[in-house]
Amino acid sequence: MNKLTKKIKGLKKTTKVDFATYLGVILAFVLFSVLRDAGVLNRSITGMLVPICAYIVMAVSLNLTVGILGELSLGHAGFMSVGAFSGVIASQSLQAAIPSAPARLAIAILVGAVFAAIAGTIVGIPVLRLQGDYLAIVTLAFGEIIKELINCLLVGYDSNGLHMAFNLDGSLTINDIGMEPGGMAIIKGAQGATGTETIASFTAGFILIMITLVIVLNLVRSRAGRAIMALRDNRIAAESVGINVTKYKMMAFVTSAALAGAAGALYGLNYSNLAASKFSFDTSILVLVYVVLGGLGNMWGSIIAAAVLYFLPEALRQFADFRMLVYAIVLILVMLATNSEQLKTLAGRVLPKRKGAAHNG
Amino acid sequence: MKKKNLAAMLMAGAMCFSLLAGCSGTGSTGSAAPASEEPSQGTQESAPAETGNQGTEPTGTASGTFKLGGIGPLTTDTAIYGKAAMNGAQIAVDEINALGGAVQFELQPEDDQADPELGVNAYHKLLDDGAQIIVGSVTSGSGIAVSAETYKDRVFTITPSGSSVDVIAGKDNTFQVCFTDPNQGTGSADYIAENLPGAKVAVIYRNDDAYSQGIRDTFVAEAKAKGIEIVDEGTFTKDTQTDFSVQLTSAQNKGADVLFLPIYYQPASVILAQAAAMSYAPTFFGVDGMDGILTMENFDTKLAEGVMLLTPFSADAEDERTQNFVKKYNELHGETPNQFAADGYDAVYVIYEALNAAGCTGDMSAEEICEALVAVMPTISVDGLTGQGMTWKASGEVSKAPMAVVIKDGVYVTP
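Note that the protein sequences, when read in sequence, are chains A and B. In terms of my numbering, the first sequence opens at residue 1 and continues consecutively. In terms of my numbering, the second sequence opens at residue 1 and continues consecutively.
Laid out in structure tokens, this is it:
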């Protein structure tokens, strides 16, 4: 025991924070699972567990781009959308081949991540030559392009396999993609993916969060991560010591995109209906709010912010029409509170040990 | 700096508190009754044991208090539909409660912003609060996700206006008050084939909207089958619904004399105005989304002269029931109800009739009520504002006569 405490004390502060993050997520998962199985949790909270997991992964992955790489991306929902729809296609078309829901979910999440990574690469190559506001605008445009493309996408599945068509002039329908009668329509253009078998589970969400954390935290603490942060802090200085700008930027950006795709697949398979319009600019901003309120570059902050801020509007339902107004005011209060020197010193006095961690961000 | 910051915090805090105080004041009248119900109905298992002094023998009439959970967009840009449906449903609830009969209703509306994700959240919240029957969701997108959940949990669902087929597809416990999209598309094509023979039809629709695209698809399919000539199709999206000159010019050049508009009334009003400006005067033909154009602010109703539309509800109908409803709605909300309000109103009456037919009691769990109602739904016939003698197929689809009206002197008349 003594050895263990010594060992823990000997760890670097960042490592300690990382382990505390893992531990916190595991404890939260165990706690909520136990409470749910004991029937203590009400339906509202039980129903929110999966979307919260998806948004946590979204927030952590966006934090990699915004907080660690230091580039403002406003099209993160676009990657989520790519992941969601490719995941839904994979899951729906493998229904017969792989009856086991968890296995199918894992494959769908993987497919979502791969397709989002491909999209991330395609977008990243031209986009990462830009910086600051320009990058923000191009990623914003990307999100909108994805939305419009999926609005035109028709996908169906029958015994001959997948059928796809791009409904560019608006004249095609799901009946025009050459499916046999009895084939299953998966994505019907603007109507989105309907009739999806909902196989997402809280356990899968938890595992995905853990994988995301392992990937992101290890990347950040690695040599590559230090290179990425060096680019963020001073690009010219980083370049002058021989850091390959494109390589490291792409590394962070594509990882972020892939994780967003995985989150999208989890999210998409939690609802029977999914339309492309869900992944609009608003959703990108929502996730960005989670990241900013949680603290840029602060992964556990993103996790807490995503969970709390997702729960908040639901908890405020009794205010009916004033709900979103109250939500906005709470956001402002949180922003003011986290930046208030008085509160920080107060917290430092009350919790002397936390002071170090609080400044760690 | 620091002082300013603190002052800002205090100000924001004060705002927040005053707001909360204001909310709880207005909220208490509406939510006091449901709140007192919560303990007895919070968990489904315990419900039968606790209430139940009335309703000993279910013999064809229902009794007890039933809690209805309403789901619809009450905020954001589709709020007009959700609010109308919920207001309409509330009027029906008040009427039934005022009868003083054995059946009493409570309606708790929840906001879903027309988003499937929030719809599912709202649904879970409603079940937590003890809802036994779901009236919703008002929009199709959210409705599909919600009905998938209600199917899993066996909760009876009736959607006032979720018109997509996918809302009811494969779910035996979800029923619609409105026509399905295909029904409207084929209905319109049939009507045009019958009453406007030899018409050259152009279609302008919104291709990023499930409703518009859905109707267009079935319209075109039926038009082909009936031999109607479609000369042109124009599309637009949410972001381009302010200018239709390209689509209109194209339709005009191809000699279209009927313009089919399976869209909502806001873009339709722009189309009417622009067509008038370029003196292009085909017969405009709309569907239920066109309903509401006459009550639109700043819209010259002369432009809508001669527009034909398929609608299940007309606020100008002569019958006493519609008149009463319109009057009451006007008193309460200061506007003429649209078809969504009528759909919501009818949904509650459909539940009322079905509960009576099945002899349900208020102490039954949501699951028991669901099984009882699913069994009787195909057997009942309901007279509502949106149709006389509405009946349902076991699939959940309503069958009622679509009504085609034409706008003359600013009112709907049957042609």
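Ideal Cβ placement from N, Cα and C applies to all residues, glycine included.
- For A/E314, the C-beta contacts it makes with chain B under 8 Å involve N121, K125, in order along the chain.
- DSSP places B/E95 in the uninterrupted alpha helix (DSSP H) bounded by 79-99.
- A/P51: member of the alpha helix (DSSP H) spanning 43-63, first to last residue.
- By the criterion of a C-beta distance shorter than 7 Å, A/A262 is surrounded in its chain by V57, G83, I109, G112, A113, L208, once the five residues flanking it on both sides are discounted.
- Cβ proximity to chain A below 8 Å picks out E110, D111 from the stretch 102-114 of chain B.
- Using a Cβ-Cβ cut-off of 9 Å, B/S142 counts as an interface residue toward chain A, since at least one Cβ of chain A sits closer than that to its own.
- Residues of the stretch 39-53 of chain A with a C-beta atom less than 9 Å from some C-beta of chain B are G39, N42, R43, S44, I45, T46, G47, M48, P51, listed in chain order.
- Y267, N270, Y271, S272, N273, L274, A275, A276, S277, K278: these are the residues of the stretch 256-285 of chain A whose beta carbon lies less than 9 Å from some beta carbon of chain B, given in chain order.
- Nearest Cα to A/G295 within the set A/V40, A/N339, A/N218: A/N339.
- For the pair B/T336 and B/T386, the CB atoms are not nearer than the 9 Å cut-off.
- For B/K67 against B/G136, the beta-carbon gap comes to about 14 Å, at or over 8 Å, which does not count as contact.
- According to the DSSP assignment, A/G205 belongs to the alpha helix (DSSP H) that extends over 202-221.
- With contacts defined by Cβ atoms closer than 9 Å, B/I158 and B/A202 do not form a contacting pair.
- Taking 8 Å as the upper bound for CB-CB distance, B/I80 and B/V146 are not in contact here, some 20 Å apart.
- Look at B/L196: its C-beta is not under 9 Å from any C-beta on chain A.
- Judged by DSSP secondary structure, B/D111 falls outside any alpha helix (DSSP H) and instead within the beta strand (DSSP E) spanning 103-111.
- With contacts defined as CB atoms closer than 9 Å, B/Q247 and B/G234 qualify as a contacting pair.
- Only A190, Q191, G192, T194, G195, T198 from the stretch 190-207 of chain A bring a Cβ to less than 8 Å from some Cβ of chain B.
- Between A/S33 and A/T212, the CB-CB gap reaches or exceeds 9 Å.
- In this structure, B/V258 sits away from B/V398, with a CB-CB distance that is not shorter than 9 Å.
- Within its own chain, the residues whose Cβ lies closer than 7 Å to the Cβ of A/L343, once the five positions on either side in sequence are excluded, are A337, listed in chain order.
- With its beta carbon less than 9 Å from one in chain B, A/I174 belongs to the interface.
- In the displayed model, B/S164 falls within coil according to three-state DSSP, outside both helix and strand.
- Rounded to whole angstroms, the separation of the alpha carbons of A/A315 and B/D128 is 12 Å.
- Cβ-Cβ distances below 6 Å link A/A204 to L105 in the same chain, with the five nearest sequence neighbours on each side left out; the list follows chain order.
- With a contact defined as Cβ atoms closer than 8 Å, A/L269 and A/T196 qualify at about 7 Å.
- Excluding sequence positions up to five before and after A/M184, its CB lies within less than 6 Å of the CB of Y157, all in the same chain and listed in chain order.
- In the three-state reduction of the DSSP assignment, B/M403 falls in the coil class.
- Residue environment analysis places B/M364 among the buried positions, since at least 16 neighbouring C-beta atoms fall within 10 angstroms of its C-beta.
- Contact residues of the stretch 143-157 of chain A toward chain B are N151 (C-beta to C-beta distance below 7 Å).
- Among the residues of the stretch 62-76 of chain B, those with a Cβ less than 8 Å away from any Cβ of chain A are L74, T75, in the order of the chain.
- Taking A/A54 as the centre and dropping the five residues before and after it, the same chain places the C-beta of A263, L266, Y267 closer than 6 Å to its C-beta, in chain order.
- A check of alpha carbon separations from B/Y345 across B/D77, B/T78, B/A92, B/S63 identifies B/A92 as the nearest.
- Proximity of chain B to A/M324 at the Cβ level (cut-off 8 Å) is accounted for by T75, in chain order.
- By the rule that beta-carbons nearer than 9 Å mark a contact, A/D321 touches chain B.
- Annotation: the continuous alpha helix (DSSP H) that includes A/R323 extends over 323-339.
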